[in-house]
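Taking mature numbering (1 follows the signal peptide of the UniProt record, and there is no 0), I'd label the letters of the sequence shown as residues -24 to -1, 1 to 269. Positions of the beta carbon are idealized from the N, C-alpha and C atoms, including for glycine. Everything numeric in this text was worked out from a predicted model, so none of it was measured. Scroll down for the structure; my scribbles are underneath it.
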Amino acid sequence: MASSCSFLLLLAVVFAISNGVVHAGDPDILSDFLLPANNGNLVNESFFTFSGVRNVLSMPPPPKFTVSKASMAQFPALEGQSVSYAILQYPSGSLNPPHTHPRSAELLLLIFGSLEVGFVDTTNKLYTQTLQVGDMFVFPKGLVHYQYNADAHESATAISAFGSANAGTVSVPGTLFNTSIDDGILAQSFKTDVATIQKIKAGQIRHFSCLKKGVTLPLVVSAVFTNCIREGRTPSLTMEPAKQSGGKCALVKKRVTYAKMSDWMNGLLQTPKKKINLKTKFKASVLEWTPES
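The following block contains the structure:
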């Protein structure tokens, strides 16, 4: 009798595990599809058609990173079908910041340009790859990941598929710094002070770009930076807020090389003895800069 009970218990456990695996995505439905609550009797072919991204690929690249979704919220026919899409557009130098999708893995197909992508697993190991047109990359469900267009001149476009009609997106920066988490908790977590956390929340931290070879990104030069150079000290990577122009950071207008920027820096020095070799200060190849007046 005892062995019979043990056998039945084992069967129950196996069934529970297998059932959980089968239903690991969206809940299964007991019909061909789910009808809208208000006008279910009026459903026709249009209900199963979504034209919301028809013009996305034919339009000029957007000025900033843009996601065009075809998920359950935009396309109600996807409810219960465990599938959705997103078109991701990356202007040159743009970033899809670290984020997670709590309800689905993401399968990304690059259709234009190039992308640097990566994710971090639960052991804090980083997996990165540079994708070319036609390459695919999978971001496992729930893991922090990002995409970055490092090309200084070309935009990039990708299509992502999800195994959920509503994969969800949790932005890491937004979750940490755009919510009501106490500044003291964040300061302790990042091993810094409350003042720094408050500057991050206010958007007042600017970083000088340490870039890979052949990449150009903005470098806004602040008064603190120029004073630091005049005194012959190594600049800190975090400086004062950048110069504002119409509520936005001043845009970079000129592309310069190491030599030109080093000459400009050395021109700030009060004595010719304090020469600066830019290559020893920053691991970058080409920088764009806007000196403050």
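Considering only C-alpha positions, which residue in the set Lys117, Asp97, Asn125 is nearest to Thr106?
If we check each option's Cα against that of Thr106, Asn125 comes out closest.
Which class does Glu92 belong to by DSSP, given the choice of helix, strand or coil?
Glu92: strand per DSSP, three-state reduction.
Can you find the residues in the same chain that come closer than 7 Å, C-beta to C-beta, to Ser147, ignoring five residues on each side of it along the sequence?
Around Ser147: Pro73, His75.
Counting C-beta neighbours from all protein chains within 10 Å, is the total for Thr25 16 or more, i.e. buried, or is it exposed?
Exposed is the call here.
Identify whether Thr151 lies in helix, strand or coil by the three-state DSSP scheme.
Thr151 falls in the helix class under three-state DSSP.
Alpha carbon to alpha carbon, what distance is there between Ile157 and Ser68?
Going by the C-alpha atoms only, they are around 33 Å apart.
Between which residues of its own chain and residue 276 is the CB-CB distance below 8 Å, once the five residues before and five after are set aside?
A query on residue 276 cannot be resolved here, the shown segment of the chain reaching from -24 to 269 and no further.
Just how far apart, CA to CA, sit Gly144 and Leu11?
Looking at the two C-alpha atoms, the distance is approximately 22 Å.
Closest to His121 by C-alpha separation, out of Val109, Glu82, Lys175, would be which residue?
The option with the nearest alpha carbon to His121 is Glu82.
Suppose you measure from the CA of Phe113 to the CA of Arg79; what does that come to, to the nearest Å?
Roughly 18 Å separates the two Cα atoms.
I need the boundaries of the alpha helix (DSSP H) containing Ser165, first residue and last residue.
Note, Ser165: alpha helix (DSSP H), 159 to 165.
How is Lys229 classed by DSSP in three states: helix, strand or coil?
Note on Lys229: pLDDT 34, under 50, position unreliable in the model; no value is reported.
Comparing alpha-carbon positions, which option in Pro149, Asp169, Ser140 lies nearest Gly1?
Checked all of Pro149, Asp169, Ser140; the closest Cα to Gly1 is Ser140.
Smallest Cα separation from Met48: which of Ser60, Asp159, Pro39, Thr151?
Here the closest residue by C-alpha is Ser60.
Taking the C-alpha atoms as reference points, what is the distance between Phe95 and Asn17?
Between Phe95 and Asn17, the C-alpha separation is close to 45 Å.
Going by beta-carbon coordinates alone, are Ala53 and Phe23 separated by less than 8 Å?
Yes, they are a contact pair.
Thinking C-alpha only, which one of Gln174, Leu6, Asn14, His77 is nearest residue 279?
Residue 279 lies beyond the stretch modelled for the chain, which goes from -24 to 269, so this question has no answer here.
Let me confirm a value: residue 270 is counted as buried when at least 16 other C-beta atoms fall within 10 Å, else exposed. Which label applies?
Given that the chain is displayed from residue -24 to residue 269, the structure contains no residue 270 and the question cannot be resolved.
Run the CB neighbour count on Leu99, radius 10 Å, all protein chains shown included, and call it buried at 16 or more, exposed below.
First, the residue type needs correcting, since residue 99 is Thr and not Leu in the sequence shown. With fewer than 16 other Cβ atoms within 10 Å, it is exposed.
Taking a contact to mean a Cβ-Cβ separation below 8 Å, would you say Ala134 touches Leu71 in this structure?
No, they are not a contact pair.
Are the Cβ atoms of Asp127 and Ser90 separated by less than 8 Å?
Against a cut-off of 8 Å, the Cβ pair of Ser90 and Asp127 comes out as a contact.
Ile173 and Ala163 - do their beta-carbons sit closer together than 8 Å?
Cβ atoms of Ala163 and Ile173: closer than 8 Å.
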